[in-house]
Amino acid sequence: MSVRRSPHVRLSDGNGGRFMRVLIEDVFARRFGRGELDTSLDATPVDLPHGIVCVTTDGFSVEPLEFPGGDIGSLAVNGTVNDLAVSGARPHCLTLAAIIEEGFEIARLERIADSVGAAARAAGVRIVAGDTKVVPRGHGGGVYLTTTGIGVRKPELSLGLARIRAGDKILVSGTLGDHGAAVMLARQAFDLMGTIVSDCASVLALTDAAIDVAGLRFMRDPTRGGLATVANEIVLATGLGVRLSEDAMPVRDAVRSVCDILGFDPYYLACEGRVAAVVAAEAADDLLCRWRKLPDGCGSAIVGEITDAQSLVVLETSAGGERMLEELEDDPMPRIC
Ligand code: MG
Numbered sequence: 000m001s002v003r004r005s006p007h008v009r010l011s012d013g014n015g016g017r018f019m020r021v022l023i024e025d026v027f028a029r030r031f032g033r034g035e036l037d038t039s040l041d042a043t044p045v046d047l048p049h050g051i052v053c054v055t056t057d058g059f060s061v062e063p064l065e066f067p068g069g070d071i072g073s074l075a076v077n078g079t080v081n082d083l084a085v086s087g088a089r090p091h092c093l094t095l096a097a098i099i100e101e102g103f104e105i106a107r108l109e110r111i112a113d114s115v116g117a118a119a120r121a122a123g124v125r126i127v128a129g130d131t132k133v134v135p136r137g138h139g140g141g142v143y144l145t146t147t148g149i150g151v152r153k154p155e156l157s158l159g160l161a162r163i164r165a166g167d168k169i170l171v172s173g174t175l176g177d178h179g180a181a182v183m184l185a186r187q188a189f190d191l192m193g194t195i196v197s198d199c200a201s202v203l204a205l206t207d208a209a210i211d212v213a214g215l216r217f218m219r220d221p222t223r224g225g226l227a228t229v230a231n232e233i234v235l236a237t238g239l240g241v242r243l244s245e246d247a248m249p250v251r252d253a254v255r256s257v258c259d260i261l262g263f264d265p266y267y268l269a270c271e272g273r274v275a276a277v278v279a280a281e282a283a284d285d286l287l288c289r290w291r292k293l294p295d296g297c298g299s300a301i302v303g304e305i306t307d308a309q310s311l312v313v314l315e316t317s318a319g320g321e322r323m324l325e326e327l328e329d330d331p332m333p334r335i336c
């Protein structure tokens, strides 16, 4: 039965009735692929291959919802896929919950749903369950998304902070801070806007290439808080030191310029399509070579090493000095993801 559509989301679109069914079918389900959202059961049965089941969940509240290189939809899917990928798991399926503010433009919601569908197809994951809520005008930031991802890891794979040793090398798969800088510029109407594009993407090709490198210890996606935060996590968990080289760090000139102007440090800016990996020293060139063969890894670099000196993150500056990269205390850029 046809239902009158409004160009904007109404409270009645989240009331559990016919309007909500139509919103889910028209805006979400058909964009996620035929038969993806099976509504015949309250819970979707999922067939998973043999292995260790890995689960991750994340909420997304990025402001603005759309930015150069992505939007909240691609960010939600890739963010969840990437958390599974860097844990060594093959992502299989996702759930998606949307909290939408009354009055939100349907056309915009459709663009975001298109983006969710495209990112899920690109990463080879199915969206198997979802939920929609509408909150009154003024009670939400347009759209918030929450995703839960389920993946499977081979039982014999062993990765983690506890495997890191002094002498190991740290690699990054590409330029740092592109996402953080792109969102920051999109938020403020600077003339610089549009010169920087978010790196928002699945890292599956990169983690697939890394997973069977002998000597791979640990991988993480340097999202909120950037590489400096990953380095501090390593120091906190291991008691070892991290030494990074500013000269080796891949940062776009445009990102450096924006950071100089606005007083940000690129090493704390979020990436959404990069991997930071720790590998045994003798395996570093092997991983670098594998990554550089990939389109998403052509900017990869060995940027530092693990030391048994002080439990600190030290940056060797281009000028020949040293400075500490300390753990973030305040979030310099809220709602970046
Ligand atoms: Mg992560």
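The sequence shown begins at 0 in numbering that gives the first Met the number 0 and counts up one residue at a time.
Note that CB positions come from ideal geometry on N, CA and C, so glycine has one too.
Verify the contact flag: threonine 222, CB atom, against every heavy atom of ligand 1, threshold strictly below 6 Å.
In the sequence shown, residue 222 corresponds to position 223, counting from 1. Answer for threonine 222: yes, Cβ within range of ligand 1.
Considering only the beta carbon of each residue, do aspartate 220 and asparagine 77 sit closer than 7 Å?
Translated into the one-based positions of the sequence shown, residue 220 becomes position 221. Translated into the one-based positions of the sequence shown, residue 77 becomes position 78. Contact flag unset, no.
Take leucine 95 and list the residues in its own chain whose beta-carbon comes closer than 6 Å to its own, dropping the five residues that flank it on each side.
Looking up residue 95 in the sequence shown gives position 96. Cβ within range, chain order: Ile126, Gly129 and Thr146.
Let me confirm a value: glutamate 304 is counted as buried when at least 16 other C-beta atoms fall within 10 Å, else exposed. Which label applies?
Within the sequence shown, numbered from 1, the residue matching residue 304 stands at position 305. Flag for glutamate 304 reads buried.
Identity of the residue in Asp25, Gly272 and Val312 nearest alanine 236 by Cα
On the sequence shown, residue 236 is found 237 positions in, with the first residue counted as 1. Closest option to alanine 236, Cα to Cα, is Val312.
Expressed to the nearest angstrom, what Euclidean distance is found between the alpha-carbon atoms of methionine 0 and glycine 123?
For the purposes of this step, residue 0 is identified with residue 1 of the sequence shown, where counting begins at 1. For the purposes of this step, residue 123 is identified with residue 124 of the sequence shown, where counting begins at 1. Residue confidence is low: methionine 0 scores 47 on pLDDT, short of 50, so the model does not pin down where it sits. No coordinate-derived value is stated.
Tell me the rounded alpha-carbon separation between alanine 318 and glycine 68.
The residue given as residue 318 occupies position 319 in the sequence shown. The residue given as residue 68 occupies position 69 in the sequence shown. Pairing alanine 318 with glycine 68, the inter-Cα distance amounts to about 33 Å.
Using 7 Å as the threshold, is the C-beta distance between valine 134 and glutamate 100 below it?
Locating residue 134 in the sequence shown gives position 135, where the first residue counts as 1. Locating residue 100 in the sequence shown gives position 101, where the first residue counts as 1. Yes, the Cβ-Cβ distance between valine 134 and glutamate 100 is below 7 Å.
State the Cα-Cα distance for the pair alanine 282 and isoleucine 301, rounded to the nearest angstrom.
Counting from 1 along the sequence shown, the entry for residue 282 is found at position 283. Counting from 1 along the sequence shown, the entry for residue 301 is found at position 302. Taking the straight line from one Cα to the other gives about 11 Å.
So is the beta-carbon of aspartate 82 under 6 Å away from any non-hydrogen atom of ligand 1?
What you label residue 82 is simply residue 83 of the sequence shown in a count that begins at 1. At least one heavy atom of ligand 1 is nearer than 6 Å to the Cβ of aspartate 82, so yes.
Burial state of leucine 10 (16 or more Cβ within 10 Å):
The count along the sequence shown starts at 1 and reaches residue 10 at position 11. Counting Cβ neighbours within 10 Å, leucine 10 comes out exposed, since fewer than 16 surround it.
Within this structure, are the beta carbons of glycine 214 and valine 278 separated by less than 7 Å?
Here residue 214 refers to the residue found at position 215 when the sequence shown is read from its first residue. Here residue 278 refers to the residue found at position 279 when the sequence shown is read from its first residue. Yes.
Among Glu24, Arg242 and Leu286, whose alpha-carbon lies nearest the alpha-carbon of leucine 314?
Stepping through the sequence shown from its first residue, residue 314 is reached at position 315. The shortest Cα separation from leucine 314 among Glu24, Arg242 and Leu286 belongs to Arg242.
Note the first and the last residue of the continuous alpha helix (DSSP H) segment covering leucine 95.
Residue 95 sits at position 96 when you count from the first residue of the sequence shown. Looking at the DSSP string, leucine 95 is not in any alpha helix (DSSP H); the run it does join, the beta strand (DSSP E), is 88-100.
For asparagine 14, count neighbouring Cβ atoms within 10 angstroms of its own Cβ and tell me buried if that reaches 16, exposed if not.
On the sequence shown, residue 14 is found 15 positions in, with the first residue counted as 1. Burial call: exposed.
Just to check my reading of the structure: serine 256 and phenylalanine 66 have Cβ atoms closer than 8 Å, yes? What is that Cβ distance to the nearest angstrom?
Here residue 256 corresponds to residue number 257 of the sequence shown, with the count starting at 1. Here residue 66 corresponds to residue number 67 of the sequence shown, with the count starting at 1. The pair is not a contact, with the Cβ atoms about 18 Å apart (cut-off 8 Å).
Rounded C-alpha distance that separates methionine 183 from isoleucine 210
Here residue 183 corresponds to residue number 184 of the sequence shown, with the count starting at 1. Here residue 210 corresponds to residue number 211 of the sequence shown, with the count starting at 1. Cα to Cα, methionine 183 sits roughly 33 Å from isoleucine 210.
Whole angstroms is fine: what's the gap from isoleucine 260's alpha carbon to glycine 179's?
In the sequence shown, the residue the question calls residue 260 occupies position 261. In the sequence shown, the residue the question calls residue 179 occupies position 180. So the two alpha carbons sit approximately 14 Å from each other.
Check whether the region 161-179 touches the region 269-276, counting contact only when three or more Cβ pairs, one atom from each stretch, lie closer than 8 Å.
yes
Evaluate contact between the region 151-159 and the region 86-93, counting only Cβ atoms and requiring at least three cross-stretch pairs below 8 Å.
Verdict: yes, contact present.
I need the DSSP call for histidine 138, collapsed to helix, strand or coil.
Against the sequence shown, residue 138 aligns to sequence position 139. Histidine 138: coil per DSSP, three-state reduction.
Measuring CA to CA, which of Leu22, Ile23 and Leu286 is closest to alanine 208?
What you label residue 208 is simply residue 209 of the sequence shown in a count that begins at 1. Alanine 208 has its Cα closest to that of Leu286, out of Leu22, Ile23 and Leu286.
Comparing alpha-carbon positions, which option in Arg164, Ala117 and Gly159 lies nearest aspartate 307?
Reading the sequence shown from its first residue, position 308 is the one you call residue 307. Comparing Cα-Cα distances from aspartate 307 to each of Arg164, Ala117 and Gly159, the minimum goes to Arg164.
When the Cα atoms are used, what is the spatial distance from leucine 203 to isoleucine 233?
Translated into positions along the sequence shown, residue 203 becomes position 204. Translated into positions along the sequence shown, residue 233 becomes position 234. Roughly 22 Å separates the two Cα atoms.
Using three-state DSSP, classify phenylalanine 103 as helix, strand or coil.
The residue given as residue 103 occupies position 104 in the sequence shown. In the structure shown, phenylalanine 103 sits in coil (DSSP, three-state: anything other than H, G, I, E or B).
For the candidate residues Ala112, Ile111, Leu144 and Leu156, whose alpha-carbon lies nearest to that of glycine 50?
The residue you call residue 50 lines up with position 51 of the sequence shown. Taking only the C-alpha atoms, the option nearest glycine 50 is Leu156.
Quick check on arginine 322: buried or exposed, where buried means 16 or more other Cβ atoms within 10 Å of its Cβ?
By one-based count along the sequence shown, residue 322 stands at place 323. Note on arginine 322: under 16 other CB atoms within 10 angstroms of its CB, so exposed under the neighbour-count rule.
Please state whether DSSP places glycine 72 in a helix, a strand or coil.
The residue given as residue 72 occupies position 73 in the sequence shown. Looking at glycine 72 - three-state DSSP - the assignment turns out to be helix.
Decide if proline 333 is buried, meaning its Cβ has at least 16 other Cβ atoms within 10 Å, or exposed.
In the sequence shown, counting from the first residue as 1, residue 333 sits at position 334. Exposed: under 16 other Cβ atoms inside 10 Å.
For serine 299, is the classification buried or exposed, using 16 other Cβ atoms within 10 angstroms of its Cβ as the cut-off for buried?
Looking up residue 299 in the sequence shown gives position 300. Serine 299 comes out buried.
Classify methionine 0 as helix, strand or coil using the three-state DSSP reduction.
Stepping through the sequence shown from its first residue, residue 0 is reached at position 1. Reliability fails at methionine 0, whose pLDDT of 47 lies under 50, so the model's placement of it is uncertain and no value is given.
Answer with buried or exposed for cysteine 336, where buried requires no fewer than 16 other C-beta atoms within 10 angstroms of its C-beta.
Within the sequence shown, the letter at position 337 stands for residue 336. Classification of cysteine 336: buried, given that the 10 Å Cβ count is 16 or more.
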